[in-house]
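Student: Quick note on my numbering: the sequence shown kicks off at 1 and runs consecutively.
Cβ coordinates follow ideal geometry from the N, Cα and C atoms, glycine included.
Bear in mind the structure is a predicted one, so any value in this text is a computation, not a measurement.
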Amino acid sequence: MNVSTSVLVLLIGTLLSSSTVFASIDIKLSKDIELIATNGQEVGMRLFKKRQLELDNGLNQLVVRVEKLVRQSNGEFEKFNSDPVIITFEADDQMLLLDVDTVVNTVVEANKFNQKPSFLLTSQNGPVRFEQELLPRGPGITRDYDKEIFRYNSQRNIPIKKANIDSSFSQATSIIHTSSTSTESADSLKAIQLKYQALSDEQKKAFLSWAVSQ
1 MNVSTSVLVL LIGTLLSSST VFASIDIKLS KDIELIATNG QEVGMRLFKK RQLELDNGLN
61 QLVVRVEKLV RQSNGEFEKF NSDPVIITFE ADDQMLLLDV DTVVNTVVEA NKFNQKPSFL
121 LTSQNGPVRF EQELLPRGPG ITRDYDKEIF RYNSQRNIPI KKANIDSSFS QATSIIHTSS
181 TSTESADSLK AIQLKYQALS DEQKKAFLSW AVSQ
């Protein structure tokens, strides 16, 4: 094999290997963002936030909210869960970061964010174009995110393909199913709740600070 042939083989090999590096979109969520749904399907109850996910190339959609402790005027902290925001974007073969595009540290700032939420989606090449809107609430006491997302997309003719959550998430962080696994998870959660109730006020604050940072 001569030098030119060796170079050609090396070049082809490099191109082939580089094409397999990205076959999808990798998205990292900042620590204050909670993932509610991906591509039309709710992710389910979770003990810890999902900070990273992998989606197919093309059009994708996330429903997220800001979840963190915010400071009250008296110096104490309270849990803030923003209204859900639906984010629609299109990308191929990229690593993306979704972050909050404003400071939310106090109750006042949290209220302002709820009135005008703002997120930032970036790649290694800079900002990525996306659409964001508060997810309109459906009828009923509790929220049905699957139905709300379906209604939202139908009214706007957004062709989102419903995600397969089991394939998008690793086994270690899979959603809690309504099965024997769900029963075990519910028992574990109940045990955690009982232990939490037995804590002192200071211990509860310390635990909440730790939980939100996870």
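I need the DSSP call for residue 131, collapsed to helix, strand or coil.
Tutor: Position 131 of the sequence shown holds residue 131. Strand at residue 131.
Student: Within 10 angstroms of the Cβ of residue 34, are there 16 or more other Cβ atoms? Answer buried if so, exposed if not.
Tutor: By 1-based counting over the sequence shown, the position of residue 34 is 34. Counting Cβ neighbours within 10 Å, residue 34 comes out buried, since at least 16 surround it.
Student: Taking the straight line between their C-alpha atoms, what separation do you get for residue 56 and residue 156?
Tutor: Position 56 of the sequence shown holds residue 56. Position 156 of the sequence shown holds residue 156. Taking the straight line joining both Cα atoms gives about 21 Å.
Student: What is the DSSP secondary structure of residue 50, counted as helix, strand or coil?
Tutor: Position 50 of the sequence shown holds residue 50. It is coil, neither helix nor strand.
Student: Please report the distance separating the alpha-carbon of residue 205 from that of residue 104.
Tutor: Counting from one through the sequence shown, the residue named residue 205 turns up at place 205. Counting from one through the sequence shown, the residue named residue 104 turns up at place 104. Cα-Cα distance, rounded: 19 Å.
Student: Return the residue from the list 99, 126, 146 and 94 that minimises the CA-CA distance to residue 257.
Tutor: Here the chain has residues from 1 to 214 only, and residue 257 is not among them.
Student: Could you tell me the alpha carbon to alpha carbon distance between residue 203 and residue 153, rounded to whole angstroms?
Tutor: For the purposes of this step, residue 203 is taken as residue 203 along the sequence shown, with counting starting at 1. For the purposes of this step, residue 153 is taken as residue 153 along the sequence shown, with counting starting at 1. Looking at the two C-alpha atoms, the distance is approximately 44 Å.
Student: Quick check: residue 43 and residue 64, are their CB atoms within less than 7 Å of each other?
Tutor: Locating residue 43 in the sequence shown gives position 43, counting from the first residue. Locating residue 64 in the sequence shown gives position 64, counting from the first residue. No, these two residues do not count as a Cβ contact at 7 Å.
Student: For residue 148, collect the residues of the same chain with a Cβ closer than 8 Å to its Cβ; drop the 5 residues on either side in sequence, then sort them by chain order.
Tutor: Working through the sequence shown from its first residue, we reach residue 148 at position 148. Correct list, in chain order: 135, 136, 137 and 138.
Student: DSSP state of residue 103, grouped into three classes?
Tutor: Walking along the sequence shown from the start, residue 103 turns up at place 103. Coil.
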